[in-house]
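Novice:
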DNA sequence: GATAAAAATTAAAGTAGTTGAAGAAATCAG
DNA sequence: CTGATTTCTTCAACTACTTTAATTTTTATC
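Residue numbers (this note's numbering), protein chains in the order written: chain A, 1 to 194; chain B, 1 to 194.
(1) For residue 88/A versus residue 119/A, is the C-beta spacing smaller than 9 Å?
(2) Which runs of the beta strand (DSSP E) spanning at least 3 residues fall entirely within the stretch 41-87 of chain A, listed in chain order?
(3) If contacts are defined as beta-carbon pairs under 8 Å, then residue 131/B and residue 131/A qualify, I think. What distance do you get, rounded to the angstrom?
(4) Of the choices 176/B, 84/B, 25/B, 81/B, whose alpha-carbon is the least far from that of residue 115/B?
(5) If we ignore side chains and look at the alpha-carbon of each, how far apart do residue 179/A and residue 91/B end up?
(6) From this set, 170/A, 169/A, 141/A, which residue's C-alpha is nearest residue 156/A's C-alpha?
(7) Starting from residue 96/B, follow the beta strand (DSSP E) in both directions and report where the run begins and ends.
(8) When the distance is taken between beta carbons, is residue 13/A closer than 9 Å to residue 93/A?
(9) Would you mind listing the alpha helix (DSSP H) stretches within the stretch 110-146 of chain A that are 4+ residues and don't spill past its ends, in chain order?
(10) Any C-beta of chain A sitting closer than 9 Å to the C-beta of residue 150/B?
(11) What residue from 77/B, 36/B, 18/B, 108/B has the CA that sits closest to residue 27/B's CA?
(12) Note down, in chain order, every chain A residue with its Cβ under 7 Å from the Cβ of residue 55/B.
(13) At a CB-CB cut-off below 8 Å, which residues of chain A make contact with residue 134/B?
(14) Helix, strand or coil, according to DSSP, for residue 105/B in the structure here?
(15) DSSP state of residue 36/A, grouped into three classes?
(16) What does the alpha-carbon distance come out to for the pair residue 104/A and residue 169/A?
(17) With a cut-off of 8 Å on the beta carbons, I'd call residue 81/A and residue 70/A a contact; round off their distance for me.
(18) I think residue 98/A touches residue 125/A, with their Cβ atoms under 8 Å apart; what is that distance to the nearest whole Å?
(19) Note down the Cα distance separating residue 73/B from residue 161/B, rounded to an integer number of angstroms.
(20) With H, G and I counted as helix, E and B as strand and the rest as coil, what does DSSP make of residue 2/B?
(21) For residue 21/A, collect the residues of the same chain with a Cβ closer than 6 Å to its Cβ; drop the 5 residues on either side in sequence, then sort them by chain order.
(22) For residue 164/A, collect the residues of the same chain with a Cβ closer than 7 Å to its Cβ; drop the 5 residues on either side in sequence, then sort them by chain order.
(23) Applying a beta-carbon distance threshold of less than 7 Å, which residues of chain B neighbour residue 85/A?
(24) Rounded to the nearest angstrom, what separates residue 79/B and residue 139/B at their Cα positions?
(25) For the stretch 58-74 of chain A, enumerate the residues whose C-beta is nearer than 7 Å to any C-beta of chain B, in chain order.
(26) Listed from N- to C-terminal order along the chain, which residues in the stretch 110-121 of chain B have their beta-carbon within a distance smaller than 9 Å of any beta-carbon of chain A?
(27) Cβ of residue 122/A within 9 Å of Cβ of residue 17/A?
(28) What does DSSP give as the partner residue(s) for residue 30/B in the beta ladder?
(29) Quick check on this structure: which residue in 184/B, 52/B, 66/B, 146/B has the alpha carbon closest to the alpha carbon of residue 154/B?
(30) Considering only the beta carbon of each residue, do residue 32/B and residue 51/B sit closer than 9 Å?
(31) If we define contact as Cβ-Cβ less than 9 Å, is residue 248/A a contact residue for chain B?
(32) Would you say residue 147/B lies against chain A (beta-carbon separation less than 9 Å)?
(33) CB-CB under 8 Å to residue 64/B, same chain, minus the five flanking residues each way: which ones, in chain order?
Below you can see the structure in the form of structure tokens.
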């Protein structure tokens, strides 16, 4: 699947478009490559784009008072990523976004997105559906953090994202699940023995 | 402020409407009263409505394997509440929604919402913005659950929702913040002493 | 391919939050 | 107003998870 097809698929899953509408949409996008460890966004900056991931792996995270990183979301090819709050309100972000692997993105700015909504209102629906899915995924995560033990959450994670677990370090998995890498190591040992 | 004004305000904050559009919107709503402890939705049922809370207090929660309740969201007057996943996909909900205080709601069904989007597309924007705000609030919560101690989360909660803390039991607060009522009681004692 | 840097493992001691149980205080239903 | 139910508090024992620190393994760099 080519890059363009990846995004076309993503669109077609939710709305049906004329070729001219597709072309117009693509004309609004710019491509960006991001080397591993390079930042797409830093805390304090305003997030100017929504980003469709063509390849690679990125994370969005905060750093707490004691210097620890906490990952609020991962993104891989086929996913959209952005700090929506900063993007929509124009206020500085609380988050960092950087690449865990070299990545290629398609970006759209807020101005161009507004233009897109105006010219092709169907896209308003498309982005609402994306948001809806992201909302639901977050709600699940909140509920799991409240209801499940660390072990249950880890098992759930590797079952749900088996490919992802292979691609990122355990340190990143722990920063997503909400415990320490040391504890994850102990967990894995315990699970491999039983 | 009358009931109708509460919702009008909520609308006006995000989109501007003609009187006929407002009237049409209101014609699609039905009012529902909910006695304390009465269910708006049970696990396994399909969520048929989005609900605007005119008065009272509701919660959305799950019950885990060991019988404990975990609250994923509260709602008070002026807020919208629903299980969006079930609402949009038509699949059975994983959640319960019930009233912590006698409540009055304005409800809109999915069919009527689709009709509304069709006749007055501005509403698509309105509901997207609502969703956006809810998304952002959830993202904050995920990050806080990862980054903060129980004590920090409690202090943050009472600072952010001082009115709410007065209206609901500590048991509900604990079920929202993710620890036991016993621990909350200990926390409060410790905080009152220092 | 050698060296440096980052990640993962292990162990031991410490802490935050849970569990269970019992009594006191508050709320609810008739 | 009364008894019944639910909520809150307190205590002590327990467990899940953290912290620190030392060692090994893996990955990155020139």
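Glycine is no exception: its CB is placed at the ideal position from the N, C-alpha and C atoms.
Specialist: Concretely, from the data shown:
(1) In the first chain, residue 88/A corresponds to position 88, counting from 1. In the first chain, residue 119/A corresponds to position 119, counting from 1. The answer is no: Cβ separation not under 9 Å.
(2) 49-55, 57-63, 69-76
(3) Within the second chain, the letter at position 131 stands for residue 131/B. Within the first chain, the letter at position 131 stands for residue 131/A. Confirmed, about 5 Å.
(4) For the purposes of this step, residue 115/B is identified with residue 115 of the second chain, where counting begins at 1. Out of 176/B, 84/B, 25/B, 81/B, 25/B has the C-alpha closest to the C-alpha of residue 115/B.
(5) Reading the first chain from its first residue, position 179 is the one you call residue 179/A. Reading the second chain from its first residue, position 91 is the one you call residue 91/B. Computed Cα separation, rounded: 33 Å.
(6) Position 156 of the first chain, counted from the first residue, corresponds to residue 156/A. With distances taken between Cα atoms, residue 156/A lies closest to 141/A.
(7) Taking the first residue of the second chain as 1, we reach residue 96/B at position 96. From DSSP, the beta strand (DSSP E) with residue 96/B extends over 96-99.
(8) Working through the first chain from its first residue, we reach residue 93/A at position 93. Working through the first chain from its first residue, we reach residue 13/A at position 13. Contact flag unset, no.
(9) 110-119
(10) Numbered from its first residue, the second chain carries residue 150/B at position 150. Residue 150/B has a beta carbon lying at 9 Å or more from every beta carbon in chain A.
(11) Sequence index remark: in the second chain, residue 27/B carries index 27 (1-based). Of the listed residues, the one whose Cα sits closest to residue 27/B is 108/B.
(12) The residue you call residue 55/B lines up with position 55 of the second chain. Those do not exist, as residue 55/B stays about 25 Å from chain A at its closest Cβ, beyond 7 Å.
(13) For the purposes of this step, residue 134/B is taken as the residue at position 134 of the second chain. 135, listed in chain order.
(14) For this step, residue 105/B is matched to residue 105 along the second chain. Strand at residue 105/B.
(15) On the first chain, residue 36/A is found 36 positions in, with the first residue counted as 1. Coil.
(16) Position 104 of the first chain holds residue 104/A. Position 169 of the first chain holds residue 169/A. So the two alpha carbons sit approximately 20 Å from each other.
(17) In the first chain, the residue the question calls residue 81/A occupies position 81. In the first chain, the residue the question calls residue 70/A occupies position 70. At roughly 16 Å, the Cβ-Cβ gap does not stay under 8 Å, so residue 81/A and residue 70/A are not in contact.
(18) Translated into positions along the first chain, residue 98/A becomes position 98. Translated into positions along the first chain, residue 125/A becomes position 125. So it is not a contact: roughly 31 Å between Cβ atoms.
(19) The count along the second chain starts at 1 and reaches residue 73/B at position 73. The count along the second chain starts at 1 and reaches residue 161/B at position 161. Looking at the two C-alpha atoms, the distance is approximately 13 Å.
(20) Residue numbering aside, residue 2/B sits at position 2 when the second chain is read from its first letter. Residue 2/B falls in the coil class under three-state DSSP.
(21) Translated into the one-based positions of the first chain, residue 21/A becomes position 21. Excluding sequence neighbours, residue 21/A sits near 120.
(22) Within the first chain, numbered from 1, the residue matching residue 164/A stands at position 164. Here the set comprises 74, 76.
(23) In the first chain, residue 85/A corresponds to position 85, counting from 1. Those are 136, listed as they occur along chain B.
(24) Position 79 of the second chain, counted from the start, is the residue given in the question as residue 79/B. Position 139 of the second chain, counted from the start, is the residue given in the question as residue 139/B. Taking the straight line from one Cα to the other gives about 18 Å.
(25) 62, 64, 70, 72
(26) 117, 121
(27) Locating residue 122/A in the first chain gives position 122, where the first residue counts as 1. Locating residue 17/A in the first chain gives position 17, where the first residue counts as 1. Cβ distance < 9 Å, so residue 122/A and residue 17/A count as in contact.
(28) If you number the second chain from 1, residue 30/B lands on position 30. According to DSSP, residue 30/B shares a beta bridge with 107/B.
(29) Residue numbering aside, residue 154/B sits at position 154 when the second chain is read from its first letter. Among 184/B, 52/B, 66/B, 146/B, the Cα nearest to that of residue 154/B is on 184/B.
(30) Translated into positions along the second chain, residue 32/B becomes position 32. Translated into positions along the second chain, residue 51/B becomes position 51. Cβ distance < 9 Å, so residue 32/B and residue 51/B count as in contact.
(31) Because chain A is modelled from 1 through 194, residue 248/A falls outside the range shown and cannot be assessed.
(32) Position 147 of the second chain, counting from 1, holds the residue named residue 147/B. Proximity of residue 147/B to chain A, defined by a Cβ-Cβ separation below 9 Å, is satisfied.
(33) On the second chain, position 64 is the one that residue 64/B refers to. Closer than 8 Å at the Cβ level, and outside the excluded window around residue 64/B, lie 70.
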